[in-house]
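Engineer: After the structure tokens below, expect a handful of questions from me.
There are 2 protein chains.
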Amino acid sequence: MNNAIVRLNPSQLLLLVFLFFIILGTIFLKLPFATTTQVTWTDALFTATSSMTVTGLAVVDTGTVYTLFGQLVILALIQIGGLGIMSFAVLIFMLLGKRIGFRERLLVQQSLNHTSIGGIIKLVKSLFIYSFTIELIAMCFLAITWVPEFGWGRGMYLSFFHSISAFNNAGLSLFPDNLMGYVGDPIINIVISSLFIIGGIGFTVLADIWYKRKFKKLSLHSKLMIVGTVVINAFAMLVIFVMEFHNPHTLGAMSEMSDKLWAAYFQATSPRTAGFNTIDIGNMHEATITFMLLLMFVGAGSGSTGGGIKLTTFLVIVLSVISFLKQKQQITIANRAIKETIIFRSLAISMISFLFIFLAVFILNITEPEPFLKLLFETVSAFGTVGLSMGITADLSNIGKIIIVFIMFLGKIGPLTFAFSLAKPRQEKIRYPSEDIMTG
Amino acid sequence: MNNAIVRLNPSQLLLLVFLFFIILGTIFLKLPFATTTQVTWTDALFTATSSMTVTGLAVVDTGTVYTLFGQLVILALIQIGGLGIMSFAVLIFMLLGKRIGFRERLLVQQSLNHTSIGGIIKLVKSLFIYSFTIELIAMCFLAITWVPEFGWGRGMYLSFFHSISAFNNAGLSLFPDNLMGYVGDPIINIVISSLFIIGGIGFTVLADIWYKRKFKKLSLHSKLMIVGTVVINAFAMLVIFVMEFHNPHTLGAMSEMSDKLWAAYFQATSPRTAGFNTIDIGNMHEATITFMLLLMFVGAGSGSTGGGIKLTTFLVIVLSVISFLKQKQQITIANRAIKETIIFRSLAISMISFLFIFLAVFILNITEPEPFLKLLFETVSAFGTVGLSMGITADLSNIGKIIIVFIMFLGKIGPLTFAFSLAKPRQEKIRYPSEDIMTG
Ligand SMILES: [K+]
Ligand SMILES: [K+]
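Protein chains in written order, with the numbering used here: chain A, 5 to 444; chain B, 5 to 444.
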């Protein structure tokens with residue numbers, strides 16, 4: 005038995021750990037004192053999966069249907085899911101001797117021998133300390149708004165819950181309208197978005213910044229992530245601001261320019277995996293929704309709490325396509341060539357993601373009466389573990405819920421599993437001759 | 005001037021030839037005696053582009069709005085577009101010394117020295133003869149149905165028009181409801197579908213069959229195309245039959261089982277570029293529509309009159325993803341390895357296609373009031389030069405029409421241009437060191 009666990013590769017282990025906690029969470033959430041009203045097994049499974057995969061889609065209102073116990077179970081799942089993914093990302097790359105993507109001095113190498121169990125424990129410990137510290141600091145900031153508004157007990161609890169939910173990119177809120185009540189609140193906007201951006205950029209990038217200090221010395225991966233995050237967020241903010249400016253259901257309803265700007269900023273940064281919302285997603289323009297589909301699909305950073313195909317994957321694809329059109333032989337960023345295996349992996353990840361999304365949307369269109377776009381949005385949101393919805397989550401049929409559960413699970417487990425799979429290619433004895441095929 | 009034309013590469017030449025005929029066609033279709041009622045310049049441009057790119061989307065009813073002269077202009081554009089693409093596909097691969105994808109005895113090598121102008125002319129001549137012969141034979145078969153129904157003059161003309169439209173995968177019909185009036189007619193079903201399947205499988209495959217006779221001796225490309233076409237058509241027929249069986253607007257309305265089977269067969273084979281319809285697309289289930297999006301995106305064969313990313317591109321992607329998941333080092337089909345450049349090209353073609361479709365859908369969602377799915381369907385239909393519509397083509401705004409014109413043009417020109425681009429990589433002097441990036 006013990007041997008069987010040892011023989012599993014890290015991806016398989018991750019999958020089993022996730023399954024275990026989802027099942028455990030489902031049972032806990034089904035306990036009579038976890039909820040104020042009876043929830044079905046499907047709804048408990050959905051909530052457990054949504055929490056463990058830090059997606060944040062909700063079939064019932066978290067704040068009223070779940071008791072304090074239920075909410076703490078949800079928080080625990082979020083924290084285990086978020087940290088679990090981050091630890092495993094680090095662990096997998098260490099086991100592969102890849103040194104987390106950059107070759108110079110780094111936390112990992114300084115403090116430990118990478119393949120020893122002791123080293124892994126040390127690293128995970130520092131990851132935990134770093135996460136809890138950030139969550140604690142953020143909680144104090146959030147309390148500035150919520151303690152005066154709700155009193156010490158409730159205010160601190162709200163700050164505690166939302167800090168964990170935001171840092172782990174879960175996007176779950178105790179307010180029935182998520183964060184729409186704080187659309188123009190600078191503290192909530194800044195703290196929550198900082199949390200999910202830090203949580204979403206990936207631990208390795210933060211470690212890199214911490215040890216190197218200067219931008220020029222950073223690894224290619226860190227540079228890409230930082231520049232990419234700033235550019236995509238700024239661009240998304242501009243698009244959403246322009247598209248929604250006159251929409252009477254969203255920005256158009258706000259009289260203050262500062263509210264409009266905060267709302268555009270928040271809704272631009274949130275879809276790449278966080279999943280909080282300060283404006284009503286269901287009432288946005290279909291063109292804005294289309295744009296958000298792209299943001300949700302792209303997602304956050306590798307080895308972060310976020311989902312999606314990952315920002316670096318997207319950037320590699322964009323750069324590959326540009327190089328391809330320019331007929332370049334090498335794909336380069338900042339005077340560094342990108343290896344063919346990475347390009348191929350990025351393209352394969354995207355195609356596999358498209359395939360799963362397509363299949364899920366196809367089945368949902370059979371089982372659900374909702375319009376195509378709402379179902380597509382829900383699926384992409386689940387796959388990117390984003391958690392935004394056009395308001396149909398609670399109305400899904402049981403089959404629909406199970407499909408979304410499956411997609412959330414795949415979305416969280418998938419890309420990492422594939423990355424690991426590719427890193428250990430099976431040796432084949434037969435080399436076949438190659439032959440041309442006309443394509444395109 | 006002459007020198008400038010010679011210095012163009014084949015892709016650029018193809019682009020200019022297409023632009024030239026589209027502009028010429030627009031002017032012809034705008035002539036007073038080309039139409040029975042006034043059409044706008046945008047509508048004339050749309051019709052000319054739709055014909056030249058053999059897409060078949062129609063903003064006005066071809067049968068009543070265009071006079072005989074107008075219809076002949078449309079037919080001429082279809083024939084030029086269809087043959088032009090086929091000739092250029094052959095030509096480009098010849099110029100590259102690629103011998104159209106298989107290395108053994110073949111039409112090309114037997115009859116000519118591939119890079120000489122004389123050889124090209126000979127090859128194109130045989131292509132023309134083959135096309136016209138097939139069209140003539142099909143016309144006679146169609147006349148069996150239409151001459152008794154409409155008399156000699158009109159019957160022969162209908163047969164002539166639909167034979168050219170079908171072989172070139174244009175999908176334009178002189179009937180206002182396309183071929184819905186012949187949903188259960190065996191002759192129309194068999195002749196029209198044979199025409200667009202033969203036209204869509206690609207000239208090189210047919211030449212290969214003609215010279216080799218035995219399946220085992222065929223090139224990998226031909227084997228893939230034949231098996232792929234049969235499998236995808238059978239699968240699509242099954243899906244459509246099952247999905248639409250009880251739909252009262254489509255198969256559910258038919259009392260005869262034979263009608264249901266013919267309708268499922270026809271609507272399964274048509275979306276991969278032909279674009280004819282015998283049932284009402286706008287009334288199909290959204291799940292079936294979702295499935296048809298995939299068929300339209302995949303399209304027909306390379307170097308055929310069809311569009312889409314091409315069946316081989318799709319198969320290469322599917323096989324790559326399977327090999328990737330199985331951790332294989334080589335991607336193989338029928339004991340032949342597929343070159344990395346082909347895999348990469350297939351993935352790049354798909355990503356570029358996704359990008360264009362995404363941008364077009366995004367803009368259309370701004371300019372058009374129609375629901376998302378109808379706009380997505382229209383765009384994918386245009387990109388795959390399919391021509392099926394959920395009934396919104398005529399209602400598009402002028403901006404919407406221009407975008408669809410642009411997408412039809414790109415859909416027809418694109419993949420080939422990219423194939424050519426990749427075949428002539430620019431040599432770079434600087435080789436950059438490579439560095440890892442975490443993806444997925
Ligand atoms: K989330
Ligand atoms: K067509």
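The C-beta atom is built at its ideal place from N, Cα and C for all residues, glycine as well.
1. CB of T46 of chain B to nearest heavy atom of ligand 2: below 8 Å?
2. Where M56 of chain A and P180 of chain A are concerned, what is the direct C-alpha to C-alpha distance, given to the nearest angstrom?
3. Using a Cβ distance threshold of 8 Å, determine whether the region 396-411 of chain A contacts the region 363-373 of chain A, with at least three qualifying pairs required.
4. CA-CA distance, K47 of chain A and V64 of chain A?
5. Please identify the residue among B:I321, B:I244 and B:N369 whose C-alpha is closest to the C-alpha of A352 of chain A.
6. For the region 74-84 of chain A and the region 38-54 of chain A, state whether three or more C-beta atom pairs, one from each stretch, are separated by less than 8 Å.
7. Would you tell me roughly how many angstroms separate the C-alpha atoms of L297 of chain B and E260 of chain B, rounded to the nearest one?
8. Run through DSSP, which three-state label would A62 of chain A get?
9. For T294 of chain B, decide whether its Cβ has a neighbour in chain A, counting only Cβ atoms nearer than 9 Å.
10. Run down chain B in chain order and give the residues with a C-beta less than 9 Å from the C-beta of I396 of chain A.
11. Would you report the Cα separation of P190 of chain B and A267 of chain B, rounded to the nearest angstrom?
12. Residues of chain A with a CB under 8 Å from the CB of N173 of chain B: which are they?
13. Within this structure, are the beta carbons of L445 of chain B and I148 of chain B separated by less than 9 Å?
14. Along the chain, where does the alpha helix (DSSP H) containing Y161 of chain A start, and where does it finish?
15. Less than 8 Å between the CB atoms is what I'm expecting for T294 of chain A and N369 of chain B, so what's the real figure, rounded?
16. Kindly indicate if chain A contains any beta-carbon less than 9 Å away from that of P375 of chain B.
17. Quick check on DSSP: helix, strand or coil for G101 of chain A?
18. Which of the three DSSP states, helix, strand or coil, is assigned to A278 of chain A?
19. Examine ligand 1 and report whether any of its heavy atoms sits within less than 8 Å of the Cβ of A1 of chain B.
20. Tell me, to the nearest whole angstrom, how far the beta carbon of I89 of chain B is from that of K416 of chain B; I am working on the premise that it is less than 8 Å.
21. Does the Cβ of W214 of chain A have 16 or more other Cβ atoms within 10 Å, making it buried, or fewer, making it exposed?
22. Return no unless some Cβ of chain B is closer than 9 Å to the Cβ of N287 of chain A.
23. In the DSSP assignment, the alpha helix (DSSP H) including K378 of chain B goes from what residue to what residue?
24. Going by DSSP, what residue range makes up the alpha helix (DSSP H) through R349 of chain B?
25. With a cut-off of 6 Å, give the chain-ordered residues whose Cβ is closer than this to any heavy atom of ligand 1.
26. Can you tell me where the alpha helix (DSSP H) holding P252 of chain A begins and where it ends?
27. With burial defined as no fewer than 16 other Cβ atoms inside 10 Å of the residue's Cβ, what is the status of F22 of chain A: buried or exposed?
28. Give a yes or no on whether 9 Å exceeds the smallest Cβ distance from E344 of chain B to chain A.
29. Taking the alpha helix (DSSP H) that K218 of chain A falls in, what are its first and last residues?
30. What residues in its chain sit with their C-beta under 7 Å from that of A291 of chain A, if we drop five residues either side in the sequence?
31. Beta-carbon separation of K220 of chain B and F245 of chain B under 9 Å?
32. Express the C-alpha separation of L178 of chain A and I283 of chain A in angstroms, rounding to a whole number.
33. Are the region 300-313 of chain A and the region 269-277 of chain A touching by the rule of at least three beta carbon pairs closer than 8 Å?
34. By the three-class DSSP mapping on this structure, what secondary structure does L116 of chain B have?
35. Does the beta-carbon distance from S350 of chain A to T336 of chain A come in below 9 Å?
Structural biologist: Here's the rundown:
1. In the second sequence, counting from the first residue as 1, residue 46 of chain B sits at position 42. No, Cβ of T46 of chain B sits at least 8 Å from all heavy atoms of ligand 2.
2. As a position in the first sequence, residue 56 of chain A is number 52, starting the count at 1. As a position in the first sequence, residue 180 of chain A is number 176, starting the count at 1. If you take the alpha carbons of M56 of chain A and P180 of chain A, they lie about 20 Å apart.
3. yes
4. Sequence index remark: in the first sequence, residue 47 of chain A carries index 43 (1-based). Sequence index remark: in the first sequence, residue 64 of chain A carries index 60 (1-based). It is Asp, not Lys, that sits at residue 47 of chain A in the sequence shown. In a straight line, the C-alpha of D47 of chain A is about 8 Å away from that of V64 of chain A.
5. By one-based count along the first sequence, residue 352 of chain A stands at place 348. Cα-wise, what sits closest to A352 of chain A is B:I321.
6. yes
7. For the purposes of this step, residue 297 of chain B is taken as the residue at position 293 of the second sequence. For the purposes of this step, residue 260 of chain B is taken as the residue at position 256 of the second sequence. Cα to Cα, L297 of chain B sits roughly 28 Å from E260 of chain B.
8. By one-based count along the first sequence, residue 62 of chain A stands at place 58. Note: A62 of chain A maps to coil in three-state DSSP.
9. Sequence index remark: in the second sequence, residue 294 of chain B carries index 290 (1-based). Interface residue, yes.
10. By one-based count along the first sequence, residue 396 of chain A stands at place 392. Simply none; closest approach about 14 Å.
11. What you label residue 190 of chain B is simply residue 186 of the second sequence in a count that begins at 1. What you label residue 267 of chain B is simply residue 263 of the second sequence in a count that begins at 1. Computed Cα separation, rounded: 10 Å.
12. Walking along the second sequence from the start, residue 173 of chain B turns up at place 169. What N173 of chain B touches in chain A: nothing, since even the nearest Cβ is about 16 Å away.
13. Residue 445 of chain B lies beyond the residue range present for chain B, which begins at 5 and ends at 444; the question has no answer from this structure.
14. On the first sequence, position 157 is the one that residue 161 of chain A refers to. It spans W156 to F171 - the alpha helix (DSSP H) in which Y161 of chain A sits, taken as one unbroken run.
15. Stepping through the first sequence from its first residue, residue 294 of chain A is reached at position 290. Stepping through the second sequence from its first residue, residue 369 of chain B is reached at position 365. Their Cβ separation, rounded to whole angstroms, is 5 Å, which keeps T294 of chain A and N369 of chain B in contact under 8 Å.
16. Taking the first residue of the second sequence as position 1, residue 375 of chain B is located at position 371. It does: the Cβ of P375 of chain B has a partner Cβ on chain A nearer than 9 Å.
17. Within the first sequence, numbered from 1, the residue matching residue 101 of chain A stands at position 97. Any reading at G101 of chain A is ruled out, since the residue's pLDDT is 46, under 50, leaving its predicted position unreliable.
18. Residue mapping note: residue 278 of chain A aligns to position 274 of the first sequence, counting from 1. In this structure, A278 of chain A counts as coil in the three-state DSSP scheme.
19. Nothing can be reported for residue 1 of chain B, as the shown portion of chain B is limited to 5 through 444.
20. One-based indexing of the second sequence puts residue 89 of chain B at position 85. One-based indexing of the second sequence puts residue 416 of chain B at position 412. About 7 Å; that satisfies the 8 Å criterion.
21. As a position in the first sequence, residue 214 of chain A is number 210, starting the count at 1. Burial call: exposed.
22. Indexing the first sequence from 1 puts residue 287 of chain A at position 283. No, its Cβ sits nowhere closer than 9 Å to a Cβ of chain B.
23. Numbered from 1 along the second sequence, position 374 holds the residue referred to as residue 378 of chain B. Its alpha helix (DSSP H) spans residues F376 to F387.
24. Indexing the second sequence from 1 puts residue 349 of chain B at position 345. Here the alpha helix (DSSP H) through R349 of chain B covers E344 to T371.
25. A:V58, A:T59, A:G60, A:N173, A:A174, A:G175, A:T277, A:A278, A:G279, A:T389, A:V390 and A:G391
26. Walking along the first sequence from the start, residue 252 of chain A turns up at place 248. Taken as a continuous stretch (DSSP letters only), P252 of chain A belongs to no alpha helix (DSSP H), as it is neither H nor E.
27. Residue mapping note: residue 22 of chain A aligns to position 18 of the first sequence, counting from 1. The residue is buried, with at least 16 neighbouring Cβ atoms inside 10 Å.
28. Within the second sequence, numbered from 1, the residue matching residue 344 of chain B stands at position 340. It does: the Cβ of E344 of chain B has a partner Cβ on chain A nearer than 9 Å.
29. Against the first sequence, residue 218 of chain A aligns to sequence position 214. Segment: none, K218 of chain A is in no alpha helix (DSSP H) and carries neither H nor E.
30. The sequence position of residue 291 of chain A within the first sequence is 287, counting from 1. Around A291 of chain A: M247.
31. Here residue 220 of chain B corresponds to residue number 216 of the second sequence, with the count starting at 1. Here residue 245 of chain B corresponds to residue number 241 of the second sequence, with the count starting at 1. For K220 of chain B and F245 of chain B, no; Cβs fall outside 9 Å.
32. Against the first sequence, residue 283 of chain A aligns to sequence position 279. Against the first sequence, residue 178 of chain A aligns to sequence position 174. Their Cα atoms are separated by approximately 16 Å.
33. yes
34. Position 112 of the second sequence, counting from 1, holds the residue named residue 116 of chain B. For L116 of chain B, the pLDDT reaches just 34, beneath the cut-off of 50, and the residue's location in the model is therefore unreliable, although a value from the coordinates is still provided. L116 of chain B falls in the coil class under three-state DSSP.
35. Your numbering for residue 350 of chain A matches position 346 in the first sequence. Your numbering for residue 336 of chain A matches position 332 in the first sequence. Not in contact: S350 of chain A and T336 of chain A (Cβ atoms no closer than 9 Å).
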